[in-house]
Amino acid sequence: MAVWACVALAPSVVRGQGGLGAAGGPGPDWGGAPAVPAGVSLEELVDRLGSAVYAQRESAMAQLRNRWGLRVAEIAQAMERPGLSAEQLVRLEQIAFEVYMRTPRGAMGVQFQNFNAQLNVDPEELRIVQVSDGFPAKNVLQPDDVILGIDGHEVQRRSLEGALRPRVISRDPGEVIQVTVRRSGERVTLPVELGSWETFDRNRALASGPLSDQDLAQGWQVRREGLPQAGVQLPVGELDSELASRSPGRQISRELAAGGFGKALGVDAGGEPSSKAGERTGMEGQLRWGQGRAAVVVRGQIDIRDQFWRNRGQPRNFIRDLEDPGLTDPASAKGVLMRLKNQLSELVAERRDVWQNLNNSVLAGGATTEASKRLLSRLDEEIMSLRTELAVVDARLRQIIEAEGDKR
277 MAVWACVALA PSVVRGQGGL GAAGGPGPDW GGAPAVPAGV SLEELVDRLG
327 SAVYAQRESA MAQLRNRWGL RVAEIAQAME RPGLSAEQLV RLEQIAFEVY
377 MRTPRGAMGV QFQNFNAQLN VDPEELRIVQ VSDGFPAKNV LQPDDVILGI
427 DGHEVQRRSL EGALRPRVIS RDPGEVIQVT VRRSGERVTL PVELGSWETF
477 DRNRALASGP LSDQDLAQGW QVRREGLPQA GVQLPVGELD SELASRSPGR
527 QISRELAAGG FGKALGVDAG GEPSSKAGER TGMEGQLRWG QGRAAVVVRG
577 QIDIRDQFWR NRGQPRNFIR DLEDPGLTDP ASAKGVLMRL KNQLSELVAE
627 RRDVWQNLNN SVLAGGATTE ASKRLLSRLD EEIMSLRTEL AVVDARLRQI
677 IEAEGDKR
């Protein structure tokens, strides 16, 4: 008996009645986002992600979501462009993830020999017994080739699920991977163009099972490691209220001041702020509200990344596009909190719309994919988290307003 190592199609994040086709085919409904105007290039949309106007950045994001035929490889190439801001990189990575989840995944279409002690088959070897017709690998790989590595990473049979599969499904159909094999006693590395699951005999593919959530997560982790990361390590030192540029481009971090902005918001001077790089770049401090604690992340031009942050009992409050350099009194803090309240309200409404559109698309498609279920669940969690943050901010705002009334 043989094991088919062809990779399955990643479940769509959103699937309409007609489903998702290959590049250039019909795409999902992303909640009425504007269609991409004719002639607008990917490079132009990337530029707009760096606009000083928030609405233009959001519009470019929506147009990228609606850009049929966009591939992860194209986005990865766009992210290599010099001079991109942290926010541009973060937004592009989010689009790359969505594209990864809704498009076909790469596949080699090779069949491995099963381990059999009676036949003296090495349990660690990934020995090919057949390559499926219709795959480019048919012209490169041969029966009895033993796969040793993918793109310089060694793989073994016991790591088939943990190494080989994620490295294959992380790629788009049509991408070329470097496959190292042992052939007739010689170690050779061969370029292999990946095919698509849609061209594979689905019945045979079922022998190795469909892609699981873990498969997709591992595949995305492999892909993400190859993408340029937003953010650099920020030094943690004396806190002040100055606006400091900490990295090339437009990446800006604002430091909390225990005696200024932080004090106005109720920063616990005993809580040591720390810097974050990569996924969340900014300074973090502990805020005190009643018996609970909440963390606040103050950002400059770095936008909120669509991550699903949920900290048990410690909701995280995000402040975007904060430009006032010195907030040292409750009146200034009131203005910031009002802006934050409005932004959180907008985010809650936006996520509810996305949830409703996704749910409608799932119902229209007649079936709920595991990826859709997963995303709906994450959206539920994010909406709940945002509502909690909104309640915390609203409570703090009421405290300031009540204090102002008492002074009168």
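The letter at position 245 of the sequence shown is residue 521 when you use the numbering used here, and the numbering goes up by one with no holes.
By construction, the Cβ of each residue, glycine as well, lies at the ideal position given by its N, Cα and C atoms.
Counting every other CB atom within 10 Å of its CB across the protein chains shown gives R674 a total below 16, marking it as exposed. Secondary structure at V407: strand, using DSSP grouped into helix, strand and coil. Here the segment 453 to 460 makes contact with the segment 413 to 423; the two share three or more CB pairs at distances below 8 Å. Setting aside the 5 residues that flank it on each side, V431 is surrounded in the same chain by L402, I423, L424, G425, A439, L440, R443, each with a C-beta closer than 8 Å to its C-beta; the list follows chain order. Taken through DSSP and simplified to helix, strand or coil, R357 comes out as coil.
A679 has its alpha-carbon roughly 51 Å from the corresponding atom of A354. Counted as a single uninterrupted DSSP element, the alpha helix (DSSP H) harbouring R441 occupies residues 441 to 445. Scanning L613, R650, N636, L655 for the CA closest to the CA of E626 turns up L655. Boundaries of the alpha helix (DSSP H) around E374: 362 to 378. When DSSP reads this structure, L666 sits in no beta bridge, so it has no partner.
Inclusion of R333 and R341 in the CB contact set at 9 Å is not warranted, their separation being larger than that value.
A Cβ-Cβ distance of about 38 Å is found for the pair Q364 and G410, leaving them out of contact under the 8 Å criterion. In this structure, the alpha-carbon of S335 lies about 11 Å from that of V322.
As DSSP reads the structure, E319 sits in no beta bridge.
Cα atoms of S317 and I677: separation of roughly 48 Å, rounded to the nearest angstrom. Taking every protein chain shown into account, the CB of Y330 has fewer than 16 other CB atoms within 10 angstroms, so this residue is exposed. For V498, the three-state secondary structure derived from DSSP is helix. DSSP places V452 within a strand segment (E or B) once states are collapsed to three.
Here L470 is not near V498, since their CB atoms are 9 Å or more apart.
A residue is called buried when at least 16 other Cβ atoms come within 10 angstroms of its Cβ; Q632 does not meet this threshold and is exposed.
The three-state reading of DSSP puts E462 in strand, counting E and B together. Cβ contact annotation for M614 (same chain, cutoff 7 Å, sequence separation greater than five): L673, in chain order. If you check the CB distance, P449 and G382 come in under 9 Å.
Beta-bridge analysis with DSSP links G681 to no other residue. Excluding sequence positions up to five before and after V375, its CB lies within less than 8 Å of the CB of L346, R347, V348, I351, all in the same chain and listed in chain order. G382 carries a strand assignment under DSSP once its states are collapsed to helix, strand and coil.
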